[in-house]
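Under the numbering used here, the first residue of the sequence shown carries the number 47, and numbering increases by one thereafter.
Backbone N, C-alpha and C define an ideal beta-carbon position, used for all residues, glycine too.
Step one of this worksheet: look at the structure below.
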Amino acid sequence: MSQIPLLLSDYATLSAKELSERIEAVRQQLGRKLLILGHHYQSDAVIAHTDIQGDSFQLSREASERVDCESIVFGGVHFMAETADILANRPERIASRGGRRIPVCLPDLEAGCPMADLANEVEITDCWTQLGSYVDLTEVTPITYVNSTAALKAFCGARGGLACTSTNARAVLEWAFAQRPRVLFVPDQHLGCNTLVQMGVRREEMILWNPKLPLGGNTPEAIQQAKAILWYGYCEVHQEIGVQDLERSRQETPGVKIGVHPECCEAVVTSADVAGSTAKLIQIVKNAAPGERWAIGTERILVERLVRLYPDRVVGCVGGSASVGRYQCKTMAKTTLTNLAWTVENIARGTPVNVITVPEAVATDARLALERMLAAK
Ligand code: SF4
């Protein structure tokens, strides 16, 4: 008879110490059979109980390559757990395990990504159909940032398109332009625009597509002339960073260098000293000489960790004193010691909870988009 899962409410009164001890007890018991992944934006309390820390795609690749684990817990948000499920439960992997799927668990099902939610399959299909009235769709490569739903990745995969990360966006766009003359880039307008500008594509060759407006807010002529159609999506955490925040950092800390994430708007990226993915920003700080001063424009949990690790070179978030309480991804913060302990104890008991499963019909095309991305590097 199948067991009933443990209740989350039973963990509500446990102290942080008790929760930590219980999580570690499960990790000891299951060893390499349990893989706990932690995105860089997770709290230190959660990170302390993870096997691997990284950005979204680094973590999914780990999930895909670890052949000896039997369950995965993703300390991150929903699209990351979907990607982990798509890669860890490839048909050949399932066959090698005698038909067994690995459960990929997300400790809080409300941990979504507001940017990924700004592009749904219905709206993208509608956009594609409208574009088809003005351009030859065989000339357009659809590209989705990995911060998107599995359905969007499947949409791109099924149409000869692919996924990208903030690390490989340029390589992916170069690959796409070598195949076809136009791209549709979803959902992050800023990553698309910043990368295209870096590649020498002019602003006049890009249009923004707002799905709430007829023809996305464009004229037929503008669509026909566009080399890149950028979805109107954005990350609310990175979009909050403005040029005035960089100016304040420079006023408060003369000589400070500024590194920002390419999900920031074009004016911020242009004004910064360096723009790069989460992994690149961490590397810049690691490689900086002691005494160099860096202000970082990305999610605050990561920046605060960098300040603790490298107090001799990181001054904090861009914006200085005006950054207090800003730039926190609320959905990333939904993973806590409480729901992590509940998740791992249910796995140990054989009653996994909050299992993210991408239907194979969607996963097959989404996997195509992810595999093309890896090949385009
Ligand atoms: S930081 Fe931005 S892109 Fe990342 S999960 Fe949060 S809302 Fe999504």
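### Query
Whole-angstrom Cβ separation of Val119 and Ile82, contact assumed at under 8 Å?
Locating residue 119 in the sequence shown gives position 73, where the first residue counts as 1. Locating residue 82 in the sequence shown gives position 36, where the first residue counts as 1. Cβ-Cβ separation between Val119 and Ile82: approximately 5 Å, consistent with a contact (criterion under 8 Å).
### Message
In this structure, how does DSSP classify Met236 when only helix, strand and coil are distinguished?
### Response
Stepping through the sequence shown from its first residue, residue 236 is reached at position 190. The sequence shown places His at residue 236, rather than the Met named in the question. In the structure shown, His236 sits in a helix (DSSP, three-state: H, G or I).
#### Entry: Whether Ala272 touches Arg228 by CB criterion (8 Å)
As a position in the sequence shown, residue 272 is number 226, starting the count at 1. As a position in the sequence shown, residue 228 is number 182, starting the count at 1. Cβ distance < 8 Å, so Ala272 and Arg228 count as in contact.
### Task
Just confirm the distance between the C-beta atoms of Val232 and Gly263, as a whole number of angstroms; I'd bet it's less than 8 Å.
Working through the sequence shown from its first residue, we reach residue 232 at position 186. Working through the sequence shown from its first residue, we reach residue 263 at position 217. Not really, about 15 Å apart at Cβ, beyond 8 Å.
### Query
Candidates Val289, Ala335 and Ala222: which alpha carbon is nearest Ala415's?
Numbered from 1 along the sequence shown, position 369 holds the residue referred to as residue 415. Considering only alpha carbons, the answer is Ala222.
### Query
For the ligand SF4, any of its heavy atoms closer than 7 Å to the Cβ of Pro160?
By one-based count along the sequence shown, residue 160 stands at place 114. Yes.
### Task
Taking only beta-carbon positions, decide if Asn400 is within less than 8 Å of chain D.
Of the chains in the structure shown, none is chain D; there is only one protein chain.
### Task
Kindly indicate which residue of Ala313, Lys258, Phe201 and Cys151 has the alpha-carbon position closest to the one of Glu286.
Taking the sequence shown and counting its residues from 1, the one referred to as residue 286 is at position 240. Nearest C-alpha to Glu286: Ala313.
### Query
Using a Cβ-Cβ cut-off of 7 Å (strictly less than) and excluding sequence neighbours within five positions of Gln225, which residues of its own chain qualify?
Taking the sequence shown and counting its residues from 1, one reaches residue 225 at position 179. Listed in chain order, the non-local C-beta contacts of Gln225 below 7 Å within the same chain comprise Thr187, local neighbours out to five positions each way being set aside.
### Query
Can you give the Cα-Cα distance for Asp90 and Pro266, rounded to whole angstroms?
As a working mapping, residue 90 is identified with position 44 in the sequence shown. As a working mapping, residue 266 is identified with position 220 in the sequence shown. The alpha-carbon separation between Asp90 and Pro266 amounts to approximately 50 Å.
#### Entry: Chain-order list of residues whose beta-carbon lies under 8 Å from that of Val353 (same chain, five-residue window excluded)
By 1-based counting over the sequence shown, the position of residue 353 is 307. Apart from sequence neighbours up to five positions away, the residues of its chain that approach Val353 with a beta-carbon distance below 8 Å are Val360, Val361 and Gly362, ordered along the chain.
### Query
For the segment 117 to 174, which segments carrying the alpha helix (DSSP H) assignment without a break, of at least 4 residues, lie completely within its bounds, in sequence order?
Listed in chain order, they are 124 to 134 and 137 to 142.
### Query
Which one of Gly84, Pro260 and Cys210 has the shortest CA to CA distance from Met419?
Position 373 of the sequence shown holds residue 419. Looking only at Gly84, Pro260 and Cys210, the smallest Cα-Cα distance to Met419 is reached by Cys210.
#### Entry: Reference Leu53, options Ala409, Arg78 and Asn385, closest by Cα
Taking the sequence shown and counting its residues from 1, the one referred to as residue 53 is at position 7. Ranking Ala409, Arg78 and Asn385 by CA distance to the CA of Leu53 puts Asn385 first.
### Task
Would you check whether the ligand SF4 has a heavy atom nearer than 7 Å to the C-beta of Asn193?
Indexing the sequence shown from 1 puts residue 193 at position 147. The answer is yes for Asn193.
#### Entry: Cys239 to Met252 span [Cα, whole Å]
Within the sequence shown, the letter at position 193 stands for residue 239. Within the sequence shown, the letter at position 206 stands for residue 252. Distance between the alpha carbons of Cys239 and Met252: 8 Å.
### Whole-number beta carbon distance between Val72 and Leu60, since they are thought to touch under 8 Å
Taking the first residue of the sequence shown as position 1, residue 60 is located at position 14. Taking the first residue of the sequence shown as position 1, residue 72 is located at position 26. About 14 Å separates the two Cβ atoms, so there is no contact after all.
### Task
Leaving out five residues on either side along the sequence, give the residues of the same chain with a beta carbon under 7 Å from the beta carbon of Leu152.
Within the sequence shown, numbered from 1, the residue matching residue 152 stands at position 106. Sequence-distant Cβ neighbours of Leu152 in its own chain, meaning closer than 7 Å and more than five residues away, are Phe120, His124, Ala127, Asn400 and Ile402.
### Message
I'd like the span of the beta strand (DSSP E) that includes Leu254, first residue to last.
### Response
On the sequence shown, position 208 is the one that residue 254 refers to. For Leu254, the uninterrupted beta strand (DSSP E) run begins and ends at Met252 to Trp255, by DSSP.
### Task
Determine the burial state of Val404: buried for a count of at least 16 other Cβ atoms within 10 Å of its Cβ, exposed for fewer.
Locating residue 404 in the sequence shown gives position 358, counting from the first residue. Label assigned to Val404: buried.
### Message
Could you check if Val92 belongs to the surroundings of the ligand SF4, using beta carbon to heavy atom distance under 7 Å?
### Response
Along the sequence shown, read from residue 1 onward, the residue named residue 92 stands at position 46. Every heavy atom of the ligand SF4 is 7 Å or more from the Cβ of Val92, so no.
### Task
Between the Cα of Gln49 and those of Ala394, Ala407, Gly365 and Glu417, spot the shortest distance and give me the residue it belongs to.
Position 3 of the sequence shown, counted from the start, is the residue given in the question as residue 49. Cα-wise, what sits closest to Gln49 is Ala394.
### Burial state of Thr381 (16 or more Cβ within 10 Å)
Taking the sequence shown and counting its residues from 1, the one referred to as residue 381 is at position 335. Answer is buried; the Cβ neighbour count reaches 16.
### Task
Give a yes or no on whether the C-beta atoms belonging to His236 and Pro300 are separated by under 8 Å.
Position 190 of the sequence shown holds residue 236. Position 254 of the sequence shown holds residue 300. Not a contact, by the Cβ cut-off of 8 Å.
### Task
Over the uninterrupted beta strand (DSSP E) stretch that includes His85, give me the two end residues.
Locating residue 85 in the sequence shown gives position 39, counting from the first residue. Residues Leu80 to His85.
### Query
What is the DSSP secondary structure of Cys210, reduced to helix, strand or coil?
For the purposes of this step, residue 210 is taken as the residue at position 164 of the sequence shown. In the structure shown, Cys210 sits in a strand (DSSP, three-state: E or B).
### Task
Run the CB neighbour count on Arg351, radius 10 Å, all protein chains shown included, and call it buried at 16 or more, exposed below.
The residue labelled residue 351 in the question sits at position 305 within the sequence shown. The residue is buried, with at least 16 neighbouring Cβ atoms inside 10 Å.
### Task
Buried or exposed for Pro260, please, with buried defined as at least 16 other CB atoms from any protein chain shown within 10 angstroms of its CB.
Counting from one through the sequence shown, the residue named residue 260 turns up at place 214. By the C-beta density criterion, Pro260 is exposed, having fewer than 16 other C-beta atoms within 10 angstroms.
### Message
If I measure Cβ to Cβ from Leu348 and keep anything under 6 Å in the same chain, skipping five residues before and after, which residues do I get?
### Response
Indexing the sequence shown from 1 puts residue 348 at position 302. So the list reads His86 and Tyr87, once near-sequence residues are dropped.
### Query
Which residue or residues does DSSP assign as beta-bridge partners of Pro51?
Within the sequence shown, the letter at position 5 stands for residue 51. Beta-bridge analysis with DSSP links Pro51 to no other residue.
### Task
With DSSP collapsed to three states, give me the class of Gly279.
Within the sequence shown, the letter at position 233 stands for residue 279. Per DSSP, reduced to three states, the secondary structure at Gly279 is strand.
### Query
Are there 16 or more other CB atoms within 10 angstroms of the CB of Leu355, so buried, or fewer, so exposed?
In the sequence shown, the residue the question calls residue 355 occupies position 309. Answer is exposed; the Cβ neighbour count stays below 16.
### Query
Which partner residues of Arg20 appear in the DSSP bridge assignment?
Only positions 47 to 423 of the chain appear in this structure, which leaves residue 20 out of reach.
### Message
Can you give me the C-alpha to C-alpha distance between Gly4 and Glu116, rounded to a whole angstrom?
### Response
One cannot answer for residue 4 here, as it falls past the ends of the chain, which runs 47 to 423.
### Neighbourhood of Val168 by C-beta, 8 Å cutoff - its chain only, sequence neighbours within 5 removed
Reading the sequence shown from its first residue, position 122 is the one you call residue 168. Cβ neighbours of Val168 beyond the five flanking positions: none.
### Query
CB Val218 to CB Phe103, shorter than 8 Å?
For the purposes of this step, residue 218 is taken as the residue at position 172 of the sequence shown. For the purposes of this step, residue 103 is taken as the residue at position 57 of the sequence shown. No, Cβ-Cβ distance for Val218 and Phe103 is not below 8 Å.
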